[in-house]
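The C-terminal position of the sequence shown is numbered 318 in the numbering used here, with every residue numbered one higher than the one before it.
Every residue, glycine too, gets a C-beta built ideally from N, C-alpha and C.
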Amino acid sequence: MRLVALLMMFAAGSAFGQAYPSKPIRVVVPYTAGGPADLLVRGLGQKLNDAWGQQIVVENKPGANEIIAAQDVAKSPPDGYNYLLASDAVFSLNGYLYSKLPYDPVRDFAPVSRLVNANLMLVARPDFPAATARELVDFAKKNPGKLNYGSVGAGGVNHLAMAWFNTQNGLDMQHVPYKGLVQGLQDIVTSRLDVMFAVIGGAAPMLKAGKMRGLATSGKARNALIPDVPTFAEAGFPNFDASFYFGLAAPAGTPREMIARFAAESARIVNTAEFREKYLNNLGFEPVGDTPEQFAAYLRQDRELAAQKVKASGAKLD
């Protein structure tokens with residue numbers, strides 16, 4: 001009887017492997033079309049289509065700090081054909097930035113895979129009196145309240161990164177929020193703004209043109225786009241991390257077998273040399289591709305860190 005049961009389980013697993021996916025898969029993205037995360041998921045979708053012969057339908061639902069997209073997927077059927085690609089805003093930060101959310105970041109989602117880490121670079125105006133992150137700290141301590149830093153708005157990833165850096169190093173700087181990264185970087189170039197955290201892909205061209213200084217980057221290794229800029233660990237800040245991530249999640253209750261297959265194939269794709277060269281390197285992304293269990297463990301730690309970052313920033317979005 002035990003042998004019969006095992007054979008039946010094997011047959012069921014084989015049938016599942018052949019059957020899924022049997023129709024197009026929807027991936028909701030909380031950003032506008034053409035942005036870094038959108039390009040990432042569309043590139044992944046094309047490769048999944050090639051592997052499975054099923055279309056990956058990308059739906060862009062931007063707005064409300066990723067809440068609109070998160071709510072959509074949280075309320076979608078847990079049938080293995082609905083997924084969300086989002087950042088730490090959905091899974092960690094929003095729970096501390098808002099007093100109430102229309103979704104529960106823990107109970108409403110099943111982690112699938114952290115696809116990539118997205119690293120930030122600390123940049124300074126071209127005539128800034130500090131050329132390294134350590135020199136910045138020393139200069140800021142001698143001039144409390146006199147330096148300013150930019151962000152794309154309160155509670156944004158670069159605001160939280162700078163506030164966390166200031167808290168860890170006992171610095172006092174003035175926050176200047178902008179409507180977008182381009183405006184902030186333009187004020188760096190024209191020396192109206194002192195420093196700012198920026199996504200590497202967005203700031204690298206201006207850095208290479210000599211229009212700003214790169215003080216340090218997050219990440220375990222130097223970025224191929226800007227190999228002359230040291231990591232924060234190399235610069236003397238081994239415990240500081242300004243990276244964020246883009247990861248996949250499904251509605252809670254989605255069958256584990258479906259999640260596992262989606263995660264495994266996605267991880268394989270993002271770690272290929274072809275995918276890194278075409279979709280990741282020029283954006284400053286690092287491939288991860290962890291398992292659902294690894295992503296879940298990572299999220300538990302990330303939520304603890306998110307609470308500290310939001311507290312340091314003083315940001316509230318409602």
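Residue 259 sits close to residue 250, with the two beta carbons spaced by under 8 Å. In summary, residue 293 is exposed, with fewer than 16 beta-carbon neighbours lying within 10 Å of its beta-carbon over all protein chains present. Per the Cβ contact rule, the segment 72 to 84 is not in contact with the segment 225 to 233 (fewer than 3 Cβ pairs under 8 Å).
By the C-beta criterion, the segment 274 to 285 is judged not to be in contact with the segment 61 to 72, since fewer than 3 inter-stretch pairs fall below 8 Å. Leaving aside the five residues that flank residue 176 on each side, the residues in its chain whose CB is nearer than 6 Å to its CB run, in chain order, 148 and 150.
Per DSSP, the unbroken alpha helix (DSSP H) holding residue 167 starts and ends at 157 to 169.
Residue pairing by DSSP places residue 27 opposite 58 and 83 in a beta bridge.
When rounded, the separation of the alpha-carbon atoms in residue 287 and residue 304 is 23 Å. A Cβ-Cβ contact shorter than 8 Å links residue 108 with residue 74.
When secondary structure is reduced to three states using DSSP, residue 150 falls in the strand class.
Looking from the CA of residue 143, the closest CA among 154, 232 and 130 belongs to 130. Note on residue 71: 16 or more other CB atoms within 10 angstroms of its CB, so buried under the neighbour-count rule. Between residue 313 and residue 120, the CB-CB gap reaches or exceeds 8 Å. Under DSSP, the beta-bridge partners assigned to residue 120 are 199. In this structure, the straight-line span from the alpha carbon of residue 29 to that of residue 266 is close to 16 Å.
Each residue's CA atom was taken as its position, placing residue 62 and residue 27 some 13 Å apart. Residue 187 is positioned such that its CB atom lies no closer than 8 Å to that of residue 218. By the neighbour-count criterion, in which 16 or more other beta carbons inside 10 Å mark a residue as buried, residue 140 falls on the buried side.
Following the DSSP letters along the chain, one finds residue 265 inside the alpha helix (DSSP H) bounded by residues 256 to 270.
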